[in-house]
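Inspection log for the structure reproduced underneath, given as structure tokens.
Protein chains: 2
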Amino acid sequence: MTSIGIVAPQSMFFDTPLPLQSGAQITDYTLVYETYGTLNADHSNAVLVCHALNASHHVAGTYSEDAGTTGWWDNMVGPGKPLDTNKYFVIGVNNLGSCFGSTGPMHINPATGKQYGAHFPVVTVEDWVQSQARLADALGIKQFAAVMGGSLGGMQALAWSILFPERLRHCVVIASTPKLTAQNIAFDDVARQAILTDPDYHGGDFYAHGVVPKNGLRVARMLGHITYLSDDDMAAKFGRELRSGSYQFGFGIDFEIESYLRYQGDKFSTYFDANTYLLITKALDYFDPAKDFGGDLTKTLSNTLAKFLLVSFTTDWRFSPERSHEMVQALVNNNRTVTYAEIDAPHGHDAFLLDDQRYMNVVRSYFERAYEEIDGGSLKAGASA
Amino acid sequence: MTSIGIVAPQSMFFDTPLPLQSGAQITDYTLVYETYGTLNADHSNAVLVCHALNASHHVAGTYSEDAGTTGWWDNMVGPGKPLDTNKYFVIGVNNLGSCFGSTGPMHINPATGKQYGAHFPVVTVEDWVQSQARLADALGIKQFAAVMGGSLGGMQALAWSILFPERLRHCVVIASTPKLTAQNIAFDDVARQAILTDPDYHGGDFYAHGVVPKNGLRVARMLGHITYLSDDDMAAKFGRELRSGSYQFGFGIDFEIESYLRYQGDKFSTYFDANTYLLITKALDYFDPAKDFGGDLTKTLSNTLAKFLLVSFTTDWRFSPERSHEMVQALVNNNRTVTYAEIDAPHGHDAFLLDDQRYMNVVRSYFERAYEEIDGGSLKAGASA
Numbered sequence: 001m002t003s004i005g006i007v008a009p010q011s012m013f014f015d016t017p018l019p020l021q022s023g024a025q026i027t028d029y030t031l032v033y034e035t036y037g038t039l040n041a042d043h044s045n046a047v048l049v050c051h052a053l054n055a056s057h058h059v060a061g062t063y064s065e066d067a068g069t070t071g072w073w074d075n076m077v078g079p080g081k082p083l084d085t086n087k088y089f090v091i092g093v094n095n096l097g098s099c100f101g102s103t104g105p106m107h108i109n110p111a112t113g114k115q116y117g118a119h120f121p122v123v124t125v126e127d128w129v130q131s132q133a134r135l136a137d138a139l140g141i142k143q144f145a146a147v148m149g150g151s152l153g154g155m156q157a158l159a160w161s162i163l164f165p166e167r168l169r170h171c172v173v174i175a176s177t178p179k180l181t182a183q184n185i186a187f188d189d190v191a192r193q194a195i196l197t198d199p200d201y202h203g204g205d206f207y208a209h210g211v212v213p214k215n216g217l218r219v220a221r222m223l224g225h226i227t228y229l230s231d232d233d234m235a236a237k238f239g240r241e242l243r244s245g246s247y248q249f250g251f252g253i254d255f256e257i258e259s260y261l262r263y264q265g266d267k268f269s270t271y272f273d274a275n276t277y278l279l280i281t282k283a284l285d286y287f288d289p290a291k292d293f294g295g296d297l298t299k300t301l302s303n304t305l306a307k308f309l310l311v312s313f314t315t316d317w318r319f320s321p322e323r324s325h326e327m328v329q330a331l332v333n334n335n336r337t338v339t340y341a342e343i344d345a346p347h348g349h350d351a352f353l354l355d356d357q358r359y360m361n362v363v364r365s366y367f368e369r370a371y372e373e374i375d376g377g378s379l380k381a382g383a384s385a
Numbered sequence: 386m387t388s389i390g391i392v393a394p395q396s397m398f399f400d401t402p403l404p405l406q407s408g409a410q411i412t413d414y415t416l417v418y419e420t421y422g423t424l425n426a427d428h429s430n431a432v433l434v435c436h437a438l439n440a441s442h443h444v445a446g447t448y449s450e451d452a453g454t455t456g457w458w459d460n461m462v463g464p465g466k467p468l469d470t471n472k473y474f475v476i477g478v479n480n481l482g483s484c485f486g487s488t489g490p491m492h493i494n495p496a497t498g499k500q501y502g503a504h505f506p507v508v509t510v511e512d513w514v515q516s517q518a519r520l521a522d523a524l525g526i527k528q529f530a531a532v533m534g535g536s537l538g539g540m541q542a543l544a545w546s547i548l549f550p551e552r553l554r555h556c557v558v559i560a561s562t563p564k565l566t567a568q569n570i571a572f573d574d575v576a577r578q579a580i581l582t583d584p585d586y587h588g589g590d591f592y593a594h595g596v597v598p599k600n601g602l603r604v605a606r607m608l609g610h611i612t613y614l615s616d617d618d619m620a621a622k623f624g625r626e627l628r629s630g631s632y633q634f635g636f637g638i639d640f641e642i643e644s645y646l647r648y649q650g651d652k653f654s655t656y657f658d659a660n661t662y663l664l665i666t667k668a669l670d671y672f673d674p675a676k677d678f679g680g681d682l683t684k685t686l687s688n689t690l691a692k693f694l695l696v697s698f699t700t701d702w703r704f705s706p707e708r709s710h711e712m713v714q715a716l717v718n719n720n721r722t723v724t725y726a727e728i729d730a731p732h733g734h735d736a737f738l739l740d741d742q743r744y745m746n747v748v749r750s751y752f753e754r755a756y757e758e759i760d761g762g763s764l765k766a767g768a769s770a
């Protein structure tokens, strides 16, 4: 395995309005994306990697010699890596409403000539998939070898399989869920309330005030972080370790876990946009493709054509293995080809980003088998889903 | 079972300074308390009920005809109830640093002539027990029939058994833990950070500014509430029910769970003191009696003399049954008499406040047996722990 090396983002402007699930539309927009590897002759080796809450199009490689600029799934994507860029042409795309280059709340609303701020329309997982499909069109990709993602990224992969069944041969859904539980929504809403009630939020127009709702974002991130780690992992990493060996009897830092979370919160509040945080948690809460099928996930997935890989992690209490079981069962009910791996990993939800060899091997062998459908740069006859 | 009827709080002033674990002291203080039932001739039927985070001395009965003034454990304490006030003399006491009458951050610091605010000293579970022991002295109670509490109240009961082994015959520890986990501490710290970074907190001196850090308290309470309920219970009660039948595509209220939590947060922020919230969560975080015994809970409990009743609830993920198992094991290691009930209840941590008949029956029969040690108003020979 070698590093993918230095990469650069690209961008594409779309001047056709995008109608949204809400009934609103985005007049025009830019999507920022990156690609790794080479698109083959018949464009059959493309894999779309969808990102989760705070990630971006920058999936793999670096922007400079600085390892701090490494992409968020660099352990997964690259030459010789589980998703092997010697074989596949991999695309990462920043979602609409995010804050890493694609059109979002910080950009100018053409209707007003001012920054969108809180007026950026609420976008859904399905809206993102529609915008990604346009990017695929523009890149000449009629059918992806796979659409893949973890967590919120897995929801996008699942939505692709429902909205565009003929446009992906494989659907890879990792550490995800067909819908959030009341507890998931509750955590999201506490985070949103922290941001919305921060006086520096200014109703979403904080850009004009030259401030950011740092305190709200910080609390939101601290809280989110707790749900990404398992109780056991937190106990193993931090336990009740004290920063300075004894209780301080004040409200500064006593425990290492406090130090860690506050650091994570502080860091996050310096680079992440508060309006984006609100938008993306709403996309999470709203995702529920079975809603239009009377809550019947089997019916919801009845028109899918892809083969599926699902992976869950035993200690993930955000999107627990039970949520993956629901998807597996619904796919099996439809006689779909499903590979399911439940990885006994201690790291909670974050496990999907980490190097567990069993997990990596599952994904690697899945993509190796999937590549057998592609022969000498061309899709074999009958391999199309 | 009849209601205990209308009750009234009493208060007692202590002019002897109370030395605290932190090394600081409280010069003088008032404890507010309530009593129910009648103290018998040899003062052997007294039960101390310790309260958790946001409760008080008002354990049972009402303050008026208004049922909204009912005490927080009225289902547990009263004539004919599991802790039967026809037999026992029950005392509820508001802890130091709380905001329901006993000396706390809103009161005047005699050293400065101003409200304590953030300068109220950090108090621990053990400090509370010391202050409660002085109240017991003043009421002429040398030995309690039992000290009892749920959650943080259970920690106080446990601390009583360690600090004053001869002063209680029974120790009743419900839905509690011998120490918080890293995840427990993490949730507490997020709540504290929400309060501390609310501009209306004013470094703890918000009283002088005529405001309260409502937004911080609200977020703290919403978050706390999530940890009091089980995932399953939240799913059963709220699921993904929408307030108005369809997505609003904004940041108002979509889901019933959001409405419920925001309501709980709003209500809490109108009556609870922010400095008290900080203090009480610190007391929770600091509680770790085994810390002075090299982390060995068996050693920690080796000097206890009481008999123990422990109760846990299967879906309590705040203080899970495993935490009770640790205490039971350490007590068994010391050949203590332990009754342990693990109640299969869906309601999470809050189950300790609710009417589960199996739970109520366990407590009822425990107190009935304990009362057999008391005969005709006098402790039987040999019954002393």
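Protein chains in written order, with our numbering: chain A, 1 to 385; chain B, 386 to 770.
Where is the CB? At the ideal position from N, CA and C, for every residue including glycine.
key: Residue of 605(B), 584(B), 603(B) and 604(B) minimising C-alpha distance to residue 595(B)   = 584(B)
Item to complete: Pull up the DSSP beta-bridge partners for residue 727(B), would you.
Response: 697(B)
Q | Rounded separation between residue 679(B) and residue 544(B) - CA only | A | 17 Å
**Q.** residue 261(A), DSSP secondary structure in three states
**A.** helix
On the CB-based measure, 16 or more other CB atoms within 10 Å of its CB, does residue 577(B) come out buried or exposed?
buried
Can you give the beta carbon distance from residue 33(A) to residue 93(A), rounded, assuming they're within the 8 Å contact cut?
-> 4 Å
Notebook entry, point to check: Whose C-alpha, out of 283(A), 85(A) and 5(A), is nearest the C-alpha of residue 125(A)?
Noted result: 283(A)
Could you spell out where the beta strand (DSSP E) holding residue 419(B) opens and where it closes? 414-421
Give me the DSSP bridge partner(s) of residue 368(B). Residue 368(B) is absent from the model: chain B starts at 386 and stops at 770.
| task | Specify the secondary structure class of residue 402(A) as computed by DSSP and reduced to three states. | result | This structure leaves residue 402(A) out entirely; chain A is present only between 1 and 385.
Notebook entry, point to check: Does the segment 274-281 of chain A come close enough to the segment 305-313 of chain A that 3 or more CB-CB pairs lie under 8 Å?
Noted result: no
Taking the alpha helix (DSSP H) that residue 541(B) falls in, what are its first and last residues?
-> 537-548
Given a cut-off of 8 Å on the beta-carbon distance, is the pair residue 37(A) and residue 75(A) in contact? no
Just to confirm my understanding: we take residue 592(B), look at its own chain, exclude 5 residues before and 5 after, and list those with CB closer than 7 Å. What are they? 491, 500 and 502
task: Give a yes or no on contact between the segment 359-366 of chain A and the segment 325-336 of chain A, applying the rule of three or more CB pairs nearer than 8 Å.
output: no
* Going along the chain, which residues of its own chain have a beta-carbon closer than 8 Å to the beta-carbon of residue 426(B), five neighbours each way excluded? -> 762 and 763
Within chain B, partners of residue 201(A) - CB distance below 7 Å:
Result: empty, since nearest Cβ-Cβ is about 10 Å, beyond 7 Å.
ask   = In three-state terms, what does DSSP make of residue 379(A)?
value = strand
Where residue 226(A) and residue 571(B) are concerned, what is the direct C-alpha to C-alpha distance, given to the nearest angstrom?
7 Å
Q: Confirm the yes/no value for this check: CB of residue 350(A), any heavy atom of the ligand GDP, distance under 7 Å.
A: The ligand GDP is not part of the structure shown, which contains no ligands of any sort.
field: Proximal chain B residues relative to residue 313(A), where beta-carbon distance stays under 8 Å
entry: None at all; the shortest Cβ gap to chain B is about 17 Å.
Excluding sequence positions up to five away, which residues of its chain have a Cβ less than 7 Å from the Cβ of residue 704(B)? 536, 560, 561, 562 and 734
Mind reading off the beta-carbon distance from residue 249(A) to residue 507(B)? Whole number of angstroms is fine, and I expect it under 8 Å. 4 Å
Residue burial classification, residue 380(A) (beta-carbon count within 10 angstroms, cutoff 16)
exposed
- Query: What does residue 431(B) pair with, by DSSP beta-bridge criteria?
  - Reply: 474(B)
Legend entry - Endpoints, alpha helix (DSSP H) assigned at residue 528(B): From DSSP, residue 528(B) is part of no alpha helix (DSSP H); its letter is neither H nor E.
Using a C-beta to C-beta distance shorter than 8 Å, which residues of chain A count as neighbours of residue 643(B)? 185, 186 and 189
- In terms of alpha-carbon separation, which member of 328(A), 316(A), 84(A) and 262(A) lies closest to residue 230(A)? 316(A)
Go through its chain and collect everything with a Cβ distance to residue 711(B)'s Cβ below 7 Å, but skip five positions before and after it.
-> 563 and 682
| task | Spatial neighbours of residue 411(B) within its chain, please: CB distance less than 6 Å, with the 5 preceding and 5 following residues excluded, ordered by chain position. | result | 403
In the DSSP assignment, find the alpha helix (DSSP H) that holds residue 223(A) and state where it starts and stops.
214-228
Would you give the residue range spanned by the alpha helix (DSSP H) that residue 234(A) belongs to? 231-237
For residue 156(A) versus residue 50(A), is the C-beta spacing smaller than 8 Å?
-> yes
Just the chain A side, please: which residues come within less than 7 Å of residue 635(B) by C-beta, in chain order? 122
Look at the Cβ atom of residue 64(A), then the Cβ atom of residue 6(A), and state whether they are nearer than 8 Å. yes
### Message
For residue 341(B) and residue 586(B), I'd like the C-alpha separation in whole angstroms.
### Response
No information on residue 341(B) is available, as it lies outside the stretch 386 to 770 that chain B covers here.
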